[in-house]
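Structure record follows, encoded as structure tokens.
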Amino acid sequence: KHFGPVWQVKWCATDDPHYPRFCSAGGDGKVMRWTCIKGELRQVLILDLPSATKPTRLEDGTLLALPGPAIALDFHRLRKELFLVGTEDGKIYKATVNDPGIIETQFDAHDFAVQCLMRFDLCTSLQDIGWSPHTSTTFATCGADGKVYVFDIYSSKLEPICEQLLASQTDKMCTKIVFNRVHPILLVGDESGWCICLKLSPNLRRKAKTSKGVDLQLGDDAEFNKLVQVLARTVAGEAKTDILTSQTADVEE
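Set out below in structure tokens:
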């Protein structure tokens, strides 16, 4: 097990569908891959993060450099073996499950103020948010008012394209929201223990227009260009479009 809290769990690719695998990122600075075999879990250490930039001072005054806690983990949608790990000190590491223990690229934490490109004020406490895997400009969020909001910033930057009340009582807030990666389905959990399944209507999952018969990569490029086009319309985004394009190319490589 991890010697610390587990902050992220993600299913990953497996060679045998009878033995599913998932990876976990923990507060001990380790990324583990777990394989389900005959009712038990077998673990393999995939990545051990380097020591944090800020050492921890012990009670006797000794400075000890501890591993940076891994708090976020995600896999590449096309290259299943490639993943990114985010740490508490702001660094992001790119690695692959095929080469355990090797960090391919390190993205340093930013040392400047984060500029807001867009702001959406829903006048309620928001509990969770998620980008749609189907379209690059659509995201959904849920809040303490028991509602689910779906935005498409390509269509409107001011109002949600869908607003759905789920909880029958105002004191039951929604706590978690997640998109299905394959089907147009949205799952929402609330504080009372209910899981609600919603199907997205066609206008909530419109993709960028491409010619018939294009491959998946061209479709992804169209979605990326669609998002860049929206960001370029913002005042702060005009100067960052080229930076976004170059950074995304680095991750894809």
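Start counting the sequence shown at 59; every next residue gets the next number (our numbering). Backbone N, C-alpha and C fix where the C-beta goes; we use that ideal spot for every residue, glycine too.
Limits of the beta strand (DSSP E) - the one that residue i falls within
i, result
"residue 212", "Unbroken run through residue 212: none, as it is neither H nor E."
"residue 100", "98 to 106"
"residue 259", "Element bounds for residue 259: n/a, residue is neither H nor E."
"residue 173", "Unbroken run through residue 173: none, as it is neither H nor E."
"residue 234", "232 to 237"
Through-space distance from residue j to residue i, alpha-carbon basis
i, j, result
"residue 139", "residue 241", "23 Å"
"residue 204", "residue 175", "27 Å"
"residue 179", "residue 185", "14 Å"
"residue 220", "residue 200", "12 Å"
"residue 216", "residue 243", "24 Å"
"residue 74", "residue 93", "10 Å"
"residue 223", "residue 259", "16 Å"
"residue 96", "residue 104", "22 Å"
"residue 234", "residue 135", "22 Å"
"residue 278", "residue 192", "10 Å"
"residue 147", "residue 154", "21 Å"
"residue 257", "residue 248", "17 Å"
"residue 182", "residue 202", "6 Å"
"residue 255", "residue 118", "53 Å"
Among the options, the one whose alpha carbon lies nearest that of residue i
i, options, result
"residue 187", "178, 147, 197", "197"
"residue 282", "76, 233, 190, 232", "190"
"residue 232", "279, 243, 252", "252"
"residue 106", "152, 77, 79", "152"
"residue 137", "127, 128, 156, 145", "156"
"residue 109", "149, 120, 141", "149"
Contacting residues, own chain, Cβ-Cβ under 7 Å from residue i (five flanking each side not counted)
i, result
"residue 250", "230"
"residue 195", "210, 211, 212, 284, 285, 288"
"residue 218", "207, 208, 209"
"residue 68", "80, 81, 131, 132, 133"
Minimum Cβ-Cβ distance from residue i to chain B less than 8 Å
i, result
"residue 211", "In summary, chain B is missing from the structure at hand, where a single protein chain is found."
Cβ neighbours of residue i in the same chain (closer than 6 Å, five flanking residues each side left out)
i, result
"residue 101", "90, 92"
**Prompt:** Would the stretch 59 to 70 and the stretch 81 to 101 be scored as touching if the rule is three or more Cβ pairs under 8 Å?
**Reply:** yes
**Asked** How about the stretch 147 to 166 and the stretch 202 to 210: do they share at least three Cβ pairs that are nearer than 8 Å?
**Response** Between the stretch 147 to 166 and the stretch 202 to 210 there are fewer than three inter-stretch CB-CB distances shorter than 8 Å, so the stretches are not counted as touching.
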